[in-house]
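First up is the structure itself, then whatever we jot down about it.
Residue numbers (my numbering): 1 to 1087.
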């Protein structure tokens, strides 16, 4: 993008020359440089391109130097900002001396959204952002063009607080102070600081911390930057950037410049760059005026609007009063607590001091000490070279430690404390007491030595030990030690944790020689710098004459049984006055006599001997009468000493086990419930490990059997006696696992888990007794109810769990009535046994327990009528289709039977009459069945009869007028019967007076007469109508029967005995039958 050099800077220079602002004698180096240009697309913090018309501004050191900073509208939407520069022709050329009107080479350009004049659009909603700093940064260069897209930073300054009031010359003599408006009350100013330039872009600063007050003002007392110039100066409010905005560089959020001269020419106070910028100056009063303030103009509470025009924004005002003055802050550094200082020595006391309102030079400090742990009444002034304590002026920097040199008093105490008190001009004071430390003015002494003074026969390698009465300075003590006479070299020192006990290591002393170990007064205690011993200490002793070494085996001490291939401790002791390093030690073992086997051998001072016991892996053998042989020999004099232990046993064989009588053996059955379990081992056992519940367990299912153990005298056989009898008929398992071991040390464990099983005996069978029936019952028949009751019990099966089968027994046959469980009675609906007779039965109750054992009991006999009735089937009639066949019973075994006929063989009952009739509509084979039942409910099935029904055969030569002969016979019979009936009716009318029938009966009789007449008229009908005639005749007979029955009964006159051959009339059909007949031979009606 091409840019034209602006001409306004040249015009400005000319105006300044003619107005006297720029002396003519000044060396003007060049015209205004070509601006630095930046353009591109702006994006918000979410990555979305910003709206058209948003203002993008450019800033250097808190001053806006950008132009054309509004995002234009067009097909290619972008921001386009020119950043003016200072008068310069090259990067190294000097700038103009008085005014900074733009960027200098390599100065950082910050881009912002908006003009940074607003604090916050909506202080109640932090999500509404109306300002912001972009992430990108550029370095100013003349005529440079940078095409870069810019992105609003995700993290911004918490807000843009504003400098509200500046008081550069307070009359109270205290530091300058500043008020900052935060808009929100109790806003945390941590992260902000005030800064001046003083000729460079980054000058003195004052760090802010704390919260603004309830009216949103923050008070800054410039105790470390108390040099604001009332005549003219500048002050910046800066945010310590920790975010991505401005690429992490600190951000100037507000800047104020002022000048005491008319027109703000900066020729008084500010006469150099970069303080003097083209930013408009606020007018300040004359330099001689004090106690004034520059305050942002406005109406409370909105005093703090910002237009980036100091002349418009600020007015001169009376300073607001300072906030309440607090006390100084003191922090003691030395002593820190726990020190040990020597009485009368010189030490530094150090502290830091800070006051929010006064520089340290205005503060007064007092230092004192207390040897009684801070107890009241025991504070004494600290002294410097015996001069009484004086006040110490503070230093300017609050972080720089202040200190005083203190000569300690000659006193011993573990509870010394230092107190530092600071007082500011407002009379506010703070006193801080240090942690307790120790002072010591007592010289140390030696309280014991080893060897003791004048000791004899001291080993030549004996370590010399000196014990002091207090912790010592180890370096000073080690430097004060000497050994007389010479020839012995000290090889090292060792101290206990308290630094009170010293061990002196050395080369060997000579034999039969007197030595003295001396500690001079150069030895000091551990106080700082240390109190020396009052006098030298010496301990003298004499070394021993040559003697033979000694050795003694103390373990094994006899009777031990050691497990093969396991580690065991051999304890022995030995000594030699010449020193163990001059000896050699052997350990051997033997079992039952020679030979000896070597265990180990080494010099006497070898670690394997000096750190007892000696751990020996016992050989994997089985042996008795074993011993340990120990030998020591003097390597110089070859003097020897031996010792042999008492005998012990080595056992390397794991034990085994087997069950033996009288206890049960594996898989044995029918074991008595009171049995004991007996197990025999292959060798004596450690009874504790065998009896451990984790080793031995006996159980059935999940139930564990507890009991007591007893052993034979050799501890090879164990008897387990259960606490109670075992349960009947259960499978028991006995297990001894591999944690059982023999009595050797540490023990040979059982080679494998040992397990065996057995089953206990059956329990006694259950007991049962039938109580009812008891013989008092009447004879029974089918469908009667019989109450059955019994008692039962079992040793180990609860009654409720006993199985019960109830049956009845006759002859040799047993039939089940019902299966029950736990019941003691049952009501039975009697059914006949399979026997055609009156029968005597017995009720049998059979009980089965949980083991499957069964017991039964039967009742007294009970009589039941079970006679099965019998009969025979007879029939009459032609076995032809549609012929009426008469069925009768014969040879009935009982009277008062009931009948069930199946006449056509379809298993469906067709009749319950004693003597029914039936017609078969089709030809075929039919089975006739009959079941008879007596009054006792006993039923018998009669032998069935098979009928062959045939179709009728019509001969061709027997027809008369086309009617078959047999049909003519029937017609004649019918006619004769009708005539007989008419004659009989006429005869009765003559004998009896005529009765008047009821209307219904009258109608029925008329119908009967009409039907008879119809029959008569149709006697001559063709043969094919004969069947219809027969059916109508049957209808007449059926209707006549009720008519006769409905006639009112007459009082029969007394009659004499009927003579022989007398007859009577059938009430159904009216035919004459013998007087003693029970059935009509014509119609079959029962008489």
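Backbone N, C-alpha and C fix where the C-beta goes; we use that ideal spot for every residue, glycine too.
Once the 5 residues before and after residue i are set aside, which same chain residues still bring their CB inside 8 Å of it?
i            : result
residue 310  : 256, 257, 258, 279, 280, 281 and 282
residue 1088 : Past the boundaries of the shown model lies residue 1088; the chain is included only from 1 to 1087, so the question cannot be answered.
residue 133  : 110, 111, 112, 113, 152, 153, 156, 157, 245, 246 and 251
residue 661  : 678
residue 741  : 655, 685, 686, 689, 747, 748, 749 and 750
Quick check: what's the CA-CA separation for residue i versus residue j?
i            : j           : result
residue 335  : residue 380 : 16 Å
residue 655  : residue 636 : 51 Å
residue 949  : residue 974 : 26 Å
residue 165  : residue 116 : 19 Å
residue 677  : residue 653 : 25 Å
residue 855  : residue 771 : 15 Å
residue 594  : residue 717 : 35 Å
residue 1078 : residue 913 : 16 Å
residue 576  : residue 642 : 13 Å
residue 290  : residue 171 : 7 Å
residue 725  : residue 763 : 12 Å
residue 582  : residue 634 : 6 Å
residue 60   : residue 108 : 6 Å
residue 779  : residue 976 : 58 Å
residue 496  : residue 474 : 11 Å
residue 639  : residue 647 : 26 Å
residue 1049 : residue 832 : Residue placement at residue 1049 is flagged as unreliable, the pLDDT there being 36, under the threshold of 50; a coordinate-derived value is accordingly withheld.
residue 340  : residue 434 : 14 Å
Which residues share a DSSP beta bridge with residue i?
i           : result
residue 40  : 79
residue 863 : 840
residue 819 : 805
residue 601 : 586
residue 341 : 439 and 528
residue 825 : 789
residue 919 : 884
residue 446 : 468
residue 295 : 165 and 315
residue 626 : 591 and 648
residue 349 : 404
Among residues of its own chain, excluding the 5 on either side of residue i, which ones have a beta-carbon nearer than 6 Å to its beta-carbon?
i           : result
residue 207 : 193
residue 197 : 203, 274 and 275
residue 820 : 804
residue 149 : 40 and 41
residue 211 : 186 and 188
residue 987 : none
residue 857 : 768, 769, 770 and 845
residue 669 : 759
Closest by CA to residue i, which one among the options?
i            : options               : result
residue 416  : 342, 456, 459 and 51  : 342
residue 498  : 467, 913, 556 and 512 : 467
residue 174  : 190, 221 and 106      : 221
residue 589  : 618, 565, 574 and 566 : 618
residue 236  : 277, 788, 248 and 548 : 277
residue 731  : 851, 629 and 827      : 851
residue 587  : 615, 511, 476 and 146 : 615
residue 809  : 827, 840, 783 and 829 : 840
residue 566  : 915, 877 and 744      : 744
residue 200  : 214, 865, 739 and 104 : 104
residue 1140 : 465, 859 and 723      : An answer regarding residue 1140 cannot be provided, because it is not within the stretch 1 to 1087 covered by the chain.
Output needed for residue i: all residues of its chain with C-beta closer than 7 Å, excluding positions within five of it in sequence on either side, in chain order.
i            : result
residue 1076 : none
residue 395  : Since pLDDT at residue 395 reaches only 38, below the 50 mark, its modelled position is unreliable, and no value is offered.
residue 307  : 117 and 313
* Go through the region 687-715 residue by residue and report every complete run of the beta strand (DSSP E) that reaches 3 residues or more, in order. => 696-700, 703-705 and 707-711
* Quick one: which unbroken alpha helix (DSSP H) runs of 4-plus residues sit fully inside the region 463-493? Chain order, please. => 474-480
* Along the chain, which unbroken stretches of the alpha helix (DSSP H) at least 4 residues long are found entirely within the region 149-225? -> none
* **Segments of 3+ residues assigned as beta strand (DSSP E) that fall wholly inside the region 538-596** => 550-555, 561-563, 567-575 and 583-591
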